[in-house]
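S.K.:
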Amino acid sequence: GKEDGSFYGPRGVATLEGGAVAVADQHNHRVQIFAPSGALLRVIGSQGGGPGQFRYPAQLAPHGPGQLAVADSCNGRVQVVSVADGSLVRELPLEGGGSPLGVAIGADGAVVAADFKNHRITVMD
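This note's numbering puts the first residue of the sequence shown at 315, with every later residue one more than the last.
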């Protein structure tokens with residue numbers, strides 16, 4: 315569904331500090347954050363190409379205290395957002411018009427993206 319707390323194509327899931335759960339709600343172009351009890355805490359993003367907006371978010375990875383990396387597949391970038399308010403922390407575009415479908419955080423804090431379109435793994439500082 316399109317209502318907050320419902321899904322239309324859930325894709326990526328990540329556990330956050332304190333046991334909260336983030337879900338990439340792909341076809342609603344947003345990320346939803348839930349308490350360990352299952353109660354909706356907040357909705358991050360909307361459809362679009364601007365800062366903090368998504369086009370088919372695919373995968374999620376916790377990135378340091380209070381931050382979440384989002385593989386923004388059809389915008390060709392990974393966005394790191396604040397879990398507290400959804401604000402953009404930083405944007406990491408993939409070269410060559412890439413399409414990140416997976417994201418992970420390296421031990422050194424680097425963002426690692428699986429680029430579906432260009433058939434490669436990209437490491438970004």
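The beta carbon of each residue, even a glycine, is placed where N, CA and C say it ideally should be.
#1: Roughly how far, in whole angstroms, is the beta-carbon of S360 from the beta-carbon of H343, given that I think they are within contact range, below 8 angstroms?
#2: Is the region 407-415 in contact with the region 383-394, if contact means three or more CB pairs nearer than 8 angstroms?
#3: Given Q346, which residues of its chain have a CB within under 8 angstroms of its CB, disregarding the five upstream and five downstream residues?
#4: Quick check: the Cα distance between A334 and P350, rounded to an integer number of angstroms?
#5: If you count every other CB in all the chains shown that lies within 10 Å of the CB of D422, and 16 or more means buried, which is it?
#6: Output yes or no for whether 8 angstroms exceeds the beta carbon distance between A372 and A383.
#7: Pick from H433, A418, V327, F368: whose alpha carbon is nearest that of F348?
#8: Quick check: what's the CA-CA separation for L402 versus I419?
#9: Is Q340 helix, strand or coil when you go by DSSP?
#10: Assuming P414 and A424 form a contact by the criterion Cβ under 8 angstroms, report the distance between their Cβ atoms to the nearest whole angstrom.
#11: On a Cα-Cα basis, can you pick out the residue from L330, G332, E331, G362 that is closest to H341?
#12: Determine the burial state of V417: buried for a count of at least 16 other Cβ atoms within 10 Å of its Cβ, exposed for fewer.
M.R.: Put simply:
#1: 6 angstroms
#2: yes
#3: D318, G319, F321, A336, V337, D339, L354, R356, V357, I358
#4: 5 angstroms
#5: exposed
#6: no
#7: V327
#8: 17 angstroms
#9: helix
#10: Incorrect: roughly 14 angstroms between the Cβ atoms, too far for contact.
#11: G362
#12: buried
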